[in-house]
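Okay, structure first, notes after.
Residue numbers (the numbering used here), protein chains in the order written: chain A, 7 to 396; chain B, 7 to 396; chain C, 7 to 396; chain D, 7 to 396.
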């Protein structure tokens with residue numbers, strides 16, 4: 007069972023930029039961060055409209071004085087308080103991530119940022135440099151990576167149970183945008199606007215998630231890739247609502263990635279299959295408590311979360327909050343990640359490099375890789391799907 | 007999305023009896039209660055050992071003075087405080103539920119109690135009488151009943167989409183006790199002791215859950231039943247580790263219930279299938295975001311949580327915390343129930359009977375029915391599995 | 007791979023009674039019997055209408071002179087031919103099985119009969135006596151029992167891999183008769199008529215199948231049972247369209263059986279789950295190439311037909327006609343049974359008792375057990391579902 | 007139910023080249039061809055070893071005089087007989103298909119040939135020309151295409167139920183060759199030898215199957231493709247044991263194809279997913295009686311074979327041999343194809359072009375397309391996975 011007694015003398019004082027009323031992702035951040043009592047929401051710039059921000063924040067129980075008109079005001083005012091914020095989560099449209107994250111780091115805050123973290127690799131690398139200089143934690147919200155079964159998979163691969171990895175097939179392909187819903191749905195609209203969303207829609211929004219999981223599980227690095235993308239709803243051009251990518255990893259492994267918002271009739275279909283010399287693993291985010299393990303020449307095995315046969319000695323896997331059979335879900339994954347972010351921030355504040363060196367969490371390097379994926383896919387797709395170096 | 011902005015001026019001041027260090031169910035109660043900020047844990051009698059109780063409670067952030075040696079001390083001391091507790095959750099072994107719940111009600115507290123609420127129907131009815139007299143909410147922790155897809159199922163049945171209900175097949179059959187694990191596992195040991203667990207193990211521990219769901223979904227009342235029970239691990243006698251029940255409902259419907267702790271190799275297998283004249287519904291707690299809907303003569307349909315085709319106008323179904331495709335789990339179900347408990351307590355405190363009349367939650371009547379199920383099953387099983395009136 | 011080169015000098019000369027035009031089960035018999043070339047259809051009394059019988063038989067390529075008006079004419083005329091039939095399959099409504107099978111045995115024919123073989127146990131025992139006296143093979147068409155994965159399951163249980171068997175849960179519950187379709191469907195009509203169908207509809211038609219599989223897999227014998235049955239479509243009374251049975255086996259194992267034709271929305275749902283001390287097995291006839299094997303404390307395993315890890319040395323399992331991954335189906339199961347029937351008949355003709363002693367096939371004892379199941383269920387259900395000795 | 011009374015005055019006199027003792031595919035051809043009595047095996051050149059051929063053929067019941075040393079002898083001798091063969095099936099290694107098929111056509115025989123039909127497109131086109139000149143049927147053994155649910159899918163697409171097709175994802179990826187099993191397994195060995203197998207292993211052996219299904223279902227034609235292929239078992243070079251293909255179809259649809267023999271732990275995993283503007287369809291050959299139909303915004307639907315809601319008026323779908331719920335399998339698919347081949351041959355012999363014009367079966371055009379797929383994939387893969395025109 008998860009150790010709910012892990013406590014800091016004081017929870018980390020924490021704010022959000024974005025994620026106000028009506029934002030599903032904002033709720034997910036607050037749920038995740040506050041689940042284990044290691045963060046306390048004390049301030050925010052939730053909304054571009056100051057009155058709406060204040061109304062929303064006070065309804066959450068915040069001091070109205072700490073509901074700010076924008077991130078600049080938030081960072082400036084909090085920096086002047088003795089009890090000012092220590093960390094901030096950024097859940098705004100993509101185009102603003104870089105400036106906000108940069109400002110946060112410059113103010114000395116730990117940062118948790120939605121992906122893709124920037125539009126350009128160079129910007130993401132600048133954030134990394136800043137975080138490093140200031141000794142700040144930079145967490146990237148690859149929210150699926152907190153599921154315990156993925157950490158079991160990672161450990162099985164690390165131990166060589168699959169043998170050398172040969173093939174990694176990735177997909178995150180839902181159908182919710184099969185028609186032009188952005189006409190009526192403002193939450194969807196900005197994702198189709200390259201000024202706000204960046205150079206890609208589905209590769210950035212969906213593909214980066216599963217791409218991150220591939221790296222997390224296998225440790226493989228991409229050497230080159232080739233991408234074709236389409237706007238099946240024509241008005242979305244130049245952004246794609248569907249993309250297929252072929253991947254060649256250093257060392258000889260290969261793979262594919264399918265990101266789509268027009269996979270009609272599907273809800274998520276985020277699936278990852280890793281094929282090794284001896285065995286394969288498959289995981290599906292809609293049924294995240296199971297892991298399919300297929301050893302060649304043996305019966306297919308279905309592993310279940312929290313069973314004793316799992317590798318409980320791996321700390322990252324120990325994050326079970328309830329016994330086997332009970333379904334854990336998306337919110338536990340987020341809480342598990344925020345739990346790690348908190349431990350990392352605490353360790354960074356204490357300059358505890360030993361902890362930092364062993365504590366796994368999705369950090370800025372993962373963020374950079376996601377931006378690079380987008381860059382490379384766009385370059386490939388916009389040049390007749392030619393191969394490009396990663 | 008779930009409305010996280012529902013707030014009371016002050017969260018309900020809340021305590022726990024039982025559920026201390028190492029208790030999985032204690033963690034589940036605290037997670038569920040505090041998820042939406044409507045309860046705040048301020049006191050507890052978590053453990054029979056006072057020092058351990060205090061250590062555990064202070065690690066959770068409680069005032070050591072409010073970590074009590076036992077429930078009597080808890081209720082007495084808190085009653086003297088201006089900021090004393092308003093509600094208590096009881097997560098102790100079965101044999102103590104009645105006395106603690108009774109004392110809590112007599113002190114004027116709202117109660118949330120684990121099931122089975124008492125050993126005898128007469129005791130449960132006494133609790134109902136008390137709760138009624140004192141105008142207190144008595145919630146029973148049928149923790150699976152907060153899953154949104156069950157409320158969708160309930161509404162479909164209510165609307166007649168299945169036609170008249172004919173058959174209800176129920177099971178909750180795991181395999182974790184296929185050998186005598188209670189020798190080494192103290193958490194399992196008390197469940198095999200009739201002095202502590204009551205007259206039944208698996209019917210009380212597991213069968214009551216799925217039995218409650220049957221009533222919740224269909225509204226059907228049992229007329230008579232017949233039960234056979236076994237102790238496949240002989241040392242458990244007279245308590246059973248496996249039971250099969252045949253049910254006859256008023257009005258002609260029939261059903262079966264299988265409760266087992268020796269279903270080797272299964273994790274949960276809590277499944278409910280309701281068969282109507284025209285269609286059937288099936289739900290499985292290990293994959294709780296889906297509902298299987300089978301209309302005779304049509305393709306099988308699989309409904310997914312949070313999709314627009316669901317009956318969103320039903321308030322009880324509106325409890326989605328994240329969009330479709332994302333897996334919700336056990337903790338959301340518990341939080342949904344605690345959310346309702348809080349609304350009910352608040353309404354009771356305000357004598358808002360309009361709200362109370364329409365607000366669904368598992369209450370003392372459901373608790374009584376669970377105890378009656380145990381009583382009837384034991385009577386049947388101990389008399390050569392003869393039929394008994396419910 | 008299946009040995010298609012197994013041949014007799016001459017295929018067995020074979021006839022059918024019943025199973026004429028429009029009969030699905032007639033086609034299944036002919037497909038199964040002729041698949042491996044060990045039977046050749048040479049005569050038949052397919053239809054009560056002589057002209058229709060002749061037309062149907064000649065369309066199948068038979069000599070019109072060997073298309074008979076009824077089974078008496080068939081047996082008498084064929085007995086006078088040097089090249090007369092050696093074996094007959096009976097695929098007529100239940101009420102006629104006994105008389106036809108008796109006449110066939112008296113003429114010296116091997117018999118393959120649909121189930122239930124008779125209305126009364128005493129009649130089935132009489133058939134056994136006759137078959138024994140005349141040294142004739144009496145096969146009963148439990149058509150699902152030829153699936154290789156069931157033989158794998160049987161062998162795993164025999165080897166003790168599940169430990170002592172504790173629980174056997176059986177079901178065969180489709181929804182095709184949820185309304186009174188017999189009004190329009192003559193193929194369904196006779197099954198609701200006790201004069202033709204016998205004292206039971208679904209227990210006899212469906213329950214006997216899965217009940218046979220239970221015995222085949224576990225070798226367990228029922229000690230007593232209790233059955234409730236209903237006619238949800240009232241006009242079917244006194245025959246049931248739904249039945250639930252509780253079973254107690256000699257030695258302490260227990261189980262349930264659900265037979266239904268009103269399980270709205272289901273196609274078959276014939277499932278068998280055997281729970282042992284250490285592990286469980288589950289098989290489903292709609293996906294017959296897989297077997298679910300759940301060892302307590304280990305990942306769930308899914309075994310696939312024709313894989314090398316199966317017990318290939320068991321002859322009964324060796325009946326794979328194509329490699330793993332390719333779906334085998336219902337017709338292979340029937341062909342596998344007819345293959346065994348042919349080997350048994352050939353051995354009986356040669357008085358090769360060594361072969362007969364080791365050759366597994368569903369014989370008259372299985373037929374008797376099925377009739378006894380019906381008798382006991384009816385007795386129980388018609389006496390307020392009281393327990394009856396088997 | 008399937009019409010077993012469809013008969014010719016005489017079954018087609020039929021022979022096989024290849025497919026002798028130990029050949030799984032040989033058994034599949036004989037099972038499929040003889041299932042409905044429209045073909046009768048009367049001759050063969052089953053084996054390169056004449057004695058073994060004769061022994062094998064006579065064990066199947068053939069006249070030893072019609073068991074020939076090779077295909078030349080077979081065609082020559084049979085052509086001289088009044089009762090000589092009318093059709094031949096070719097189940098030999100790939101390198102021999104062209105010469106044998108050509109000789110068969112030149113002798114005036116109908117041909118059924120394994121895929122890939124030739125090494126080069128030009129050769130396949132030559133076979134087409136010959137078949138056309140001689141008015142002979144040329145069937146290609148895409149053995150999965152006889153499954154009724156695929157014909158249901160095809161009809162749903164044709165009727166526009168999915169809207170315009172956008173994406174077609176294909177895979178046939180088993181794991182049986184994850185290690186160098188060809189060292190010990192002669193049946194596998196020739197597939198790794200480019201002299202015998204042709205320029206490709208898995209694209210030719212597996213990819214052509216699923217590629218054919220894509221065309222059959224959607225009618226889409228490929229415009230260009232890009233392929234990467236690997237020999238994860240190095241000794242297989244230059245032939246690949248894994249390949250990923252990206253496809254662009256005329257009109258804007260896109261897709262992927264994954265063919266693999268090193269997908270460790272998988273048995274078949276032949277799956278096809280067609281995504282349209284409004285809905286998607288998914289089919290899996292290991293559970294071929296189901297079809298998954300996902301309409302955006304509606305519950306997922308699972309269609310079952312032989313249910314009344316299917317499009318029974320489509321002749322190609324009417325090929326049900328048993329009612330819904332009963333599993334049909336691989337052998338029914340093959341028999342359904344041979345049934346069509348027989349009807350086509352009979353129609354060709356009678357110059358009944360009306361029948362030929364409406365009768366669907368996998369013919370030489372499908373064969374040519376498969377060879378073209380191999381050619382294009384090899385050209386792409388061997389040129390750094392560049393895009394090539396189809």
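The beta carbon of each residue, even a glycine, is placed where N, CA and C say it ideally should be.
Which residues mark the beginning and the end of the alpha helix (DSSP H) in which residue i is found?
i                     : result
residue 336 (chain C) : 336 to 355
residue 163 (chain B) : 154 to 164
Go to residue i, then tell me how far its beta strand (DSSP E) extends in each direction, as first and last residue.
i                     : result
residue 310 (chain A) : 306 to 310
residue 23 (chain D)  : 18 to 24
residue 149 (chain A) : Per DSSP, residue 149 (chain A) belongs to no beta strand (DSSP E) and is neither H nor E.
residue 318 (chain D) : Per DSSP, residue 318 (chain D) belongs to no beta strand (DSSP E) and is neither H nor E.
Express the C-alpha separation of residue j and residue i in angstroms, rounding to a whole number.
i                     : j                     : result
residue 76 (chain D)  : residue 377 (chain D) : 25 Å
residue 121 (chain B) : residue 388 (chain B) : 22 Å
residue 29 (chain B)  : residue 329 (chain A) : 11 Å
residue 171 (chain D) : residue 291 (chain A) : 26 Å
residue 208 (chain D) : residue 188 (chain D) : 14 Å
residue 197 (chain A) : residue 225 (chain D) : 33 Å
Establish whether the CB of residue i and some CB of chain C are separated by less than 7 Å.
i                     : result
residue 310 (chain D) : yes
residue 281 (chain A) : no
residue 5 (chain B)   : Residue 5 (chain B) lies beyond the stretch modelled for chain B, which goes from 7 to 396, so this question has no answer here.
residue 331 (chain D) : yes
residue 65 (chain D)  : yes
If distances are taken between C-alpha atoms only, which option among the options comes closest to residue i?
i                     : options                    : result
residue 404 (chain A) : D:279, D:103, D:284, D:274 : Look at the range of chain A in this structure, 7 to 396, and you will see that residue 404 (chain A) is not part of it.
residue 123 (chain B) : B:307, B:346, B:326, B:375 : B:375
residue 95 (chain B)  : B:159, B:160, B:52         : B:52
residue 232 (chain D) : D:384, D:162, D:196, D:125 : D:384
residue 244 (chain C) : C:206, C:78, C:258         : C:206
residue 19 (chain A)  : A:391, A:352, A:373, A:146 : A:352
residue 347 (chain B) : B:307, B:372, B:143        : B:143
residue 66 (chain B)  : A:38, A:78, A:26, A:16     : A:16
Would you please verify whether the beta carbon of residue i is less than 7 Å from any beta carbon of chain B?
i                     : result
residue 300 (chain C) : yes
For chain D, find out if any of its Cβ atoms is closer than 7 Å to the Cβ of residue i; answer yes or no.
i                     : result
residue 294 (chain B) : no
residue 305 (chain B) : yes
residue 62 (chain A)  : no
residue 336 (chain C) : yes
Contained beta strand (DSSP E) runs [length at least 3] in the stretch 244 to 280 of chain D, N- to C-terminal order: 248 to 255, 260 to 266
Contained alpha helix (DSSP H) runs [length at least 4] in the stretch 61 to 141 of chain D, N- to C-terminal order: 77 to 86, 103 to 112, 127 to 140
4 or more residues per run - each alpha helix (DSSP H) lying fully within the stretch 159 to 220 of chain B: 192 to 195, 200 to 203
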